[in-house]
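Asker: I have a structure I would like to understand better, so I am pasting it below and will then ask my questions one at a time.
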Amino acid sequence: MAAISFTARRWVVRTAILLLFATVIAVWLGLSGLSAQRHLQAARAALDTARQALLDGRPQEARAAVVRAGKDTARARALTDDPVWKATAALPYVGVTLKAVRAVVAGADDLSRVVLPGAVAAAESLSPQTLRRADGSFDLARIKAAAPEVHASALAAQGVRDRLGRPAGPVVGAVATAQRQLAAQVDQVVDLLGSADRTLKLAPALLGSDRARRYLVLVQQSAESRGTGGLIGGFAVIEAEAGQLRTVDQGSNADLENGAVAVPPGVPASYVDLYGGDGALELWQNVNLSPDLPTVARVVEALWQAQGGKPLDGVIALDSVALASILRGTSPLVVGDLTVAPDRLVEFLAVEQYRGVSGNRDRGVRKDLLSDFAVAAAATLSSPGSDTRALVRGLAEAVTSGHLRMTSRDSLLQPGLRAAEVDGALPGGAGPLAFPVVSNATGGKLDYFLDRSVVYLAGPCQGVRRPSSISVRLTNQAPAEGLPPYMTVRNVDGVSTESTDSGVVLRVYGTPGSRLIRATLDGRPLTMDAVGSAPYLSYGVEAGIPQWFLTLDLPRGKPRQLVLQLAEPTVPGQARIPVQPLSRPLGVRVAVPAC
Numbered sequence: 001m002a003a004i005s006f007t008a009r010r011w012v013v014r015t016a017i018l019l020l021f022a023t024v025i026a027v028w029l030g031l032s033g034l035s036a037q038r039h040l041q042a043a044r045a046a047l048d049t050a051r052q053a054l055l056d057g058r059p060q061e062a063r064a065a066v067v068r069a070g071k072d073t074a075r076a077r078a079l080t081d082d083p084v085w086k087a088t089a090a091l092p093y094v095g096v097t098l099k100a101v102r103a104v105v106a107g108a109d110d111l112s113r114v115v116l117p118g119a120v121a122a123a124e125s126l127s128p129q130t131l132r133r134a135d136g137s138f139d140l141a142r143i144k145a146a147a148p149e150v151h152a153s154a155l156a157a158q159g160v161r162d163r164l165g166r167p168a169g170p171v172v173g174a175v176a177t178a179q180r181q182l183a184a185q186v187d188q189v190v191d192l193l194g195s196a197d198r199t200l201k202l203a204p205a206l207l208g209s210d211r212a213r214r215y216l217v218l219v220q221q222s223a224e225s226r227g228t229g230g231l232i233g234g235f236a237v238i239e240a241e242a243g244q245l246r247t248v249d250q251g252s253n254a255d256l257e258n259g260a261v262a263v264p265p266g267v268p269a270s271y272v273d274l275y276g277g278d279g280a281l282e283l284w285q286n287v288n289l290s291p292d293l294p295t296v297a298r299v300v301e302a303l304w305q306a307q308g309g310k311p312l313d314g315v316i317a318l319d320s321v322a323l324a325s326i327l328r329g330t331s332p333l334v335v336g337d338l339t340v341a342p343d344r345l346v347e348f349l350a351v352e353q354y355r356g357v358s359g360n361r362d363r364g365v366r367k368d369l370l371s372d373f374a375v376a377a378a379a380t381l382s383s384p385g386s387d388t389r390a391l392v393r394g395l396a397e398a399v400t401s402g403h404l405r406m407t408s409r410d411s412l413l414q415p416g417l418r419a420a421e422v423d424g425a426l427p428g429g430a431g432p433l434a435f436p437v438v439s440n441a442t443g444g445k446l447d448y449f450l451d452r453s454v455v456y457l458a459g460p461c462q463g464v465r466r467p468s469s470i471s472v473r474l475t476n477q478a479p480a481e482g483l484p485p486y487m488t489v490r491n492v493d494g495v496s497t498e499s500t501d502s503g504v505v506l507r508v509y510g511t512p513g514s515r516l517i518r519a520t521l522d523g524r525p526l527t528m529d530a531v532g533s534a535p536y537l538s539y540g541v542e543a544g545i546p547q548w549f550l551t552l553d554l555p556r557g558k559p560r561q562l563v564l565q566l567a568e569p570t571v572p573g574q575a576r577i578p579v580q581p582l583s584r585p586l587g588v589r590v591a592v593p594a595c
């Protein structure tokens with residue numbers, strides 16, 4: 001009996017000691033965890049300050065804020081890196097959460113002390129005050145000097161993302177939230193630094209560091225849609241040499257001479273089959289029916305040289321949205337007796353410029369006006385008096401929004417343009433894809449009012465194929481009255497009328513290897529047989545990508561919906577939804593499991 005009592009007391013004592021030990025550990029973890037949390041909050045505030053300082057052009061203040069953030073994250077890391085934390089994190093169940101905490105703290109510390117200092121230093125060396133010389137040219141030596149540091153920061157950011165990973169099991173909600181937030185922030189940093197890395201590698205050659213380069217800038221009018229964005233309304237020729245940009249030619253589409261050209265090298269037979277019958281190899285107004293800018297550019301170069309133009313090193317396609325972004329922060333543009341502020345440029349070029357247009361003479365004046373705006377944008381790039389910070393921000397916005405794209409056959413330029421996904425090429429690879437593209441079919445200027453949305457759904461990753469659907473909805477939201485007659489021209493079968501009804505050719509690109517099971521238009525079955533005047537579906541393949549297309553009337557205010565039911569290959573990768581650059585954004589909904 002005494003032995004039993006002694007054993008019981010010993011068990012109680014041991015249990016009490018273990019409980020006391022566990023309590024001490026819990027208290028220590030709690031206190032150090034709270035302290036680490038306070039340091040992380042302070043670091044986050046400092047990084048917010050740094051971000052805003054960079055945006056405002058105060059790199060020295062940004063650098064000081066990053067240093068403060070690094071001190072706080074270092075302290076937080078030390079608090080969660082002691083033997084108690086390490087030992088407890090190795091335990092089952094509870095250790096998963098503690099391990100996740102340590103991963104969050106380590107990721108924040110690496111971001112603050114390894115990734116951002118180099119990036120901020122590069123930003124400081126490329127400040128708006130030093131990026132351009134007094135004559136307006138870009139300082140290529142500074143750009144080249146900053147490139148290695150940005151590259152190292154980009155690699156370090158990728159390493160942080162790789163190490164952050166995912167927790168090995170369920171974690172406490174607050175910790176899971178913190179990990180998701182940090183992962184999202186790291187993703188942003190990786191994307192931004194990756195973009196900066198590619199830009200700095202590309203910029204010297206782009207700006208003519210090794211030799212003079214010549215670019216044809218196509219100003220697209222997205223109120224009359226085409227595959228790459230819009231009808232070519234004007235152009236400018238820009239030459240770049242030793243960091244200096246200058247405009248050497250400019251004009252409207254009236255100055256672009258039509259005429260058939262031989263199929264240029266590199267233009268596939270599928271392009272000729274799909275678009276050749278509509279004049280894509282002879283008419284400037286139809287040269288960009290395809291959304292594949294690299295292929296379009298080859299035909300553009302052939303047409304340009306056929307009318308006596310000098311060889312080109314690249315083709316740039318932009319629209320009024322890009323022009324407005326580039327010119328934001330500049331004074332109102334004065335062209336003739338017109339004064340247009342940059343924030344009004346999109347609406348002006350889409351609608352207001354057409355008021356009072358009647359007859360060929362008025363149209364010629366309007367076309368000259370378009371080219372004048374293109375030259376004004378080009379002048380902003382080379383003017384020593386322009387706001388460099390606003391210019392760089394505007395260019396970045398135009399590129400990231402997809403409203404400015406560039407392609408080149410130059411071996412120094414095109415790989416970088418392709419890697420940055422700014423060359424306007426059709427998507428490569430076999431991954432899941434849904435890409436709606438419209439081209440105006442009636443000659444009016446109503447696509448400024450076109451609402452678009454796409455819904456892409458797919459089944460689970462089972463079997464060789466899985467069911468999927470692509471639903472595209474188009475709505476012509478043009479006002480019933482008040483538009484200039486030039487906008488409401490409607491040409492159908494050689495007959496010209498005025499109407500706020502429009503029409504487009506809608507093309508829907510899908511995952512390579514997909515098979516069409518069923519198609520409906522506004523809920524009614526759609527066949528691939530031409531019967532009378534009823535809409536019918538056609539099929540083609542471009543760059544290895546299947547497309548289904550039809551001509552579609554768009555009565556004002558009436559939604560039209562095309563639904564494709566497909567059997568698509570079960571292939572790895574995230575769903576891709578490229579966006580054709582038009583005036584209004586594309587609505588997107590995706591529910592496609594990544595395989």
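Taking the working numbering, I'd label the letters of the sequence shown as residues 1 to 595.
Built from N, CA and C at the ideal position, the CB exists for glycine as well.
These figures come from a predicted structure and were not determined experimentally.
Once DSSP output is grouped into helix, strand and coil, what is the label at Pro-342?
Answerer: Here Pro-342 sits in helix by DSSP.
Asker: Let me check one thing: in DSSP terms, what residues is Tyr-456 bridge-paired to?
Answerer: In DSSP, Tyr-456 forms a bridge with Ile-470, Val-590.
Asker: Going along the chain, which residues of its own chain have a beta-carbon closer than 6 angstroms to the beta-carbon of Ser-371, five neighbours each way excluded?
Answerer: Excluding positions up to five away in sequence, the list reads Gly-234, Gln-250, Gly-251, Ser-252.
Asker: Along the beta strand (DSSP E) that carries Trp-623, what are the first and last residues, could you check?
Answerer: This structure cannot speak to residue 623, because the chain is shown only from 1 to 595.
Asker: Which residue wins for smallest C-alpha separation from Arg-355, given the options His-403, Leu-318, Lys-445?
Answerer: The residue with the shortest Cα to Cα distance from Arg-355 is Lys-445.
Asker: Return the residue from the list Pro-559, Asp-292, Trp-284, Leu-116 that minimises the CA-CA distance to Val-267.
Answerer: When only C-alpha atoms are compared, the closest one is Asp-292.
Asker: Out of Ala-65, Arg-102, Arg-63, Ala-69, which one is the CA nearest neighbour of Thr-80?
Answerer: That would be Arg-102, whose Cα lies nearest to the Cα of Thr-80.
Asker: Across which residues does DSSP place Arg-518 in a beta bridge pair?
Answerer: Answer by DSSP bridge pairing, in chain order: Gln-565.
Asker: Between Thr-339 and the rest of its own chain, which residues show a CB-CB distance below 8 angstroms, the 5 nearest in sequence each way excluded?
Answerer: The residues are Pro-332, Leu-333.
Asker: Going by DSSP, what residue range makes up the alpha helix (DSSP H) through Ser-153?
Answerer: 140-164 is the span of the alpha helix (DSSP H), which, as asked, contains Ser-153.
Asker: Would you tell me roughly how many angstroms separate the C-alpha atoms of Val-454 and Asn-476, rounded to the nearest one?
Answerer: Between Val-454 and Asn-476, the C-alpha separation is close to 15 angstroms.
Asker: Verify the contact flag: Leu-426, CB atom, against every heavy atom of the ligand FAD, threshold strictly below 7 angstroms.
Answerer: Looking for the ligand FAD in the displayed structure turns up nothing, as the structure carries no ligands at all.
Asker: If you run the structure through DSSP and keep just helix, strand and coil, what is Gln-307?
Answerer: Gln-307 falls in the coil class under three-state DSSP.
Asker: Does the distance from the CB of Asp-187 to the CB of Arg-163 come in under 8 angstroms?
Answerer: No; because the gap between Cβ atoms is not below 8 angstroms, this pair is not in contact.
Asker: With DSSP as the reference, identify every bridge partner of Gln-221, one or two as the case may be.
Answerer: Looking at the DSSP assignment, Gln-221 forms a beta bridge with Leu-231.
Asker: Could you name each continuous alpha helix (DSSP H) segment of 4 residues or more that falls completely within the region 245-280, going from the start of the chain to the end?
Answerer: Listed in chain order, the complete alpha helix (DSSP H) runs (minimum 4 residues) inside the region 245-280 are 269-275.
Asker: For Ala-64 and Gly-557, what's the separation of their Cα atoms in angstroms?
Answerer: Those two C-alpha atoms are separated by around 55 angstroms.
Asker: Here's the rule I'm using: 16 or more other beta-carbon atoms within 10 Å means buried, otherwise exposed. How should Lys-310 be labelled?
Answerer: Looking at its Cβ environment, which holds fewer than 16 other Cβ atoms inside 10 Å, Lys-310 is exposed.
Asker: Between which two residues does the alpha helix (DSSP H) carrying Val-66 extend?
Answerer: Residues 59-79.
Asker: For Glu-664, which residues of its own chain have a beta-carbon under 6 angstroms away from its beta-carbon, when the five flanking residues on both sides are left out?
Answerer: This structure leaves residue 664 out entirely; the chain is present only between 1 and 595.
Asker: Is the distance from the Cβ of Glu-282 to the Cβ of Ala-260 below 8 angstroms?
Answerer: Against a cut-off of 8 angstroms, the Cβ pair of Ala-260 and Glu-282 comes out as a contact.
Asker: So what's Glu-301 in DSSP terms, helix, strand or just coil?
Answerer: Residue state, collapsed to three classes: helix.
Asker: Name the DSSP beta bridge partners of Gly-443, please?
Answerer: For Gly-443, which the question treats as bridged, DSSP gives no partner whatsoever.
Asker: Decide if the region 503-513 is in contact with the region 426-441; the criterion is three or more beta carbon pairs, one per stretch, under 8 angstroms apart.
Answerer: In short, these stretches touch, since the Cβ pair count reaches three.
Asker: Suppose you measure from the CA of Ala-575 to the CA of Ala-458; what does that come to, to the nearest Å?
Answerer: When rounded, the distance between both Cα atoms is 10 angstroms.
Asker: Just tell me which of Pro-59, Gln-221, Arg-214 has its CA closest to the CA of Gly-443.
Answerer: Of the listed residues, the one whose Cα sits closest to Gly-443 is Gln-221.
Asker: Compare the C-alpha of Asp-139 against each of Val-588, Ser-127, Gln-158 and name the closest.
Answerer: Taking only the C-alpha atoms, the option nearest Asp-139 is Ser-127.
Asker: Report the three-state DSSP secondary structure of Asp-501 (helix, strand or coil).
Answerer: Coil.
Asker: In the DSSP assignment, find the alpha helix (DSSP H) that holds Glu-124 and state where it starts and stops.
Answerer: Its alpha helix (DSSP H) spans residues 116-125.
Asker: Gly-523 by DSSP, collapsed to three states: which one?
Answerer: Residue state, collapsed to three classes: coil.
Asker: With DSSP run on the structure shown, which of helix, strand or coil describes Ile-4?
Answerer: At Ile-4 the pLDDT is 46, less than 50, meaning the model places this residue with poor confidence and gives no usable figure here.
Asker: Taking the C-alpha atoms as reference points, what is the distance between Val-588 and Ala-434?
Answerer: Near 10 angstroms, if we compare the C-alpha coordinates of Ala-434 and Val-588.
Asker: Could you check if Tyr-539 is buried or exposed, using at least 16 other CB atoms within 10 Å of its CB as the buried criterion?
Answerer: With fewer than 16 Cβ atoms within 10 Å of its Cβ, Tyr-539 is classed as exposed.
Asker: So the beta strand (DSSP E) Ser-538 belongs to, where does it begin and stop?
Answerer: Here the beta strand (DSSP E) through Ser-538 covers 538-542.
Asker: Suppose you measure from the CA of Asn-360 to the CA of Lys-201; what does that come to, to the nearest Å?
Answerer: Residue placement at Asn-360 is poorly supported in this model, since its pLDDT is 47, which falls under 50; the coordinates still yield a value, given next. Approximately 47 angstroms between the Cα atoms of the pair.
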